[in-house]
Structures are given as structure tokens and as C-alpha cells.
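Position in the sequence shown (from 1) plus 8 gives the number in our numbering.
From the three backbone atoms N, C-alpha and C, an ideal C-beta is built for every residue, glycine too.
The structure appears right after this line, and notes come after that.
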Amino acid sequence: MPSTTILFGVALIIIGLVGFFGTGQSSPTALIPAAFGFLLVALGMIARNEKLRKHAMHAAAVVGLLGFLGSASGLWQMLKMMMGEDIERPEAAIARSVMAIVCLIFVGLTVRSFVAARLTKKNA
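Set out below in C-alpha cells:
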């Protein structure tokens, strides 16, 4: 799971950098996904240490959950946009939507991993 955490972190960094440099509007808030991504990469690196894995992965799950909760409003705006409604800053809505989906998938994978680890430990 540490490698998966790093992979999802890199994905969030890319989302942030594309949002910042790709839109031409260079708003610092576009780098928020990158900040979450750097946290996930750092926690993934820490989780490679067997003694720190459990704590690092739980912290990573919290970061993913906070990332989802903070960006979930973009999903609603994206839905409005898909229904033809004009919204303010559509690029931001797209970036927040992608971040929300990435974070939600990551949290789902971490929860599944925690359950599997607990079952393995229980059966051992």
C-alpha cells in the first residue's frame, strides 16, 4: 500500500500543477491538490518503514478523506456544468472534481487494505 499511496500522491501533484500552469490563470489555490499530493507521497515513503507503516497509512487515509471532503463541492459544480449551466471558474470545478474522485478511490483502497490486514491478523 505504500507504493499505491505514492502513486496517488503523484496523481494529485499532477492535478495541482496542471491546474496551476495549464489554465493560464495561475491561482495559488490551484496548487491545493499538489499540497495533498506531497503529503501522500511523504506518508507513502514513511510507510515503507515496517515499524511506521500502520500510523503512516492511517494518516494517509485521513489526508485522503480530508482531500475528498474539501473538494467534493466540485462534483456538484461539475454536474451543473454537464447539464449545460454556466458556472464560475469551470477549470476549478474540473480540478476539484478530479481531486475528489482520486481521493475517494484512495480512501476506499486504504479502508479495504485495513480490513484485509485486520482479517489476516485475526486468522493468524
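Asked: Please name the residue in Thr37, Lys129, Gly52 and Leu60 whose C-alpha comes closest to that of Gly72.; Found: Gly52
Asked: Helix or strand or just coil, what does DSSP make of Glu99?; Found: helix
Asked: Classify Thr31 as helix, strand or coil using the three-state DSSP reduction.; Found: coil
Asked: Quick check on the burial criterion: 16 or more other C-beta atoms within 10 angstroms. Buried or exposed for Pro41?; Found: buried
Asked: Do you know how far the Cα of Arg56 is from the Cα of Glu96?; Found: 42 angstroms
Asked: Are the stretch 81 to 89 and the stretch 105 to 119 touching, with three or more C-beta to C-beta distances below 8 angstroms?; Found: yes
Asked: Quick check on Arg126: does DSSP put it in helix, strand or coil?; Found: helix
Asked: Anyone know if the C-beta pair for Arg104 and Ser79 falls short of 8 angstroms?; Found: yes
Asked: Looking only at its chain, what residues have a beta carbon closer than 7 angstroms to the beta carbon of Ala67, apart from the 5 residues adjacent to it on each side?; Found: Leu51
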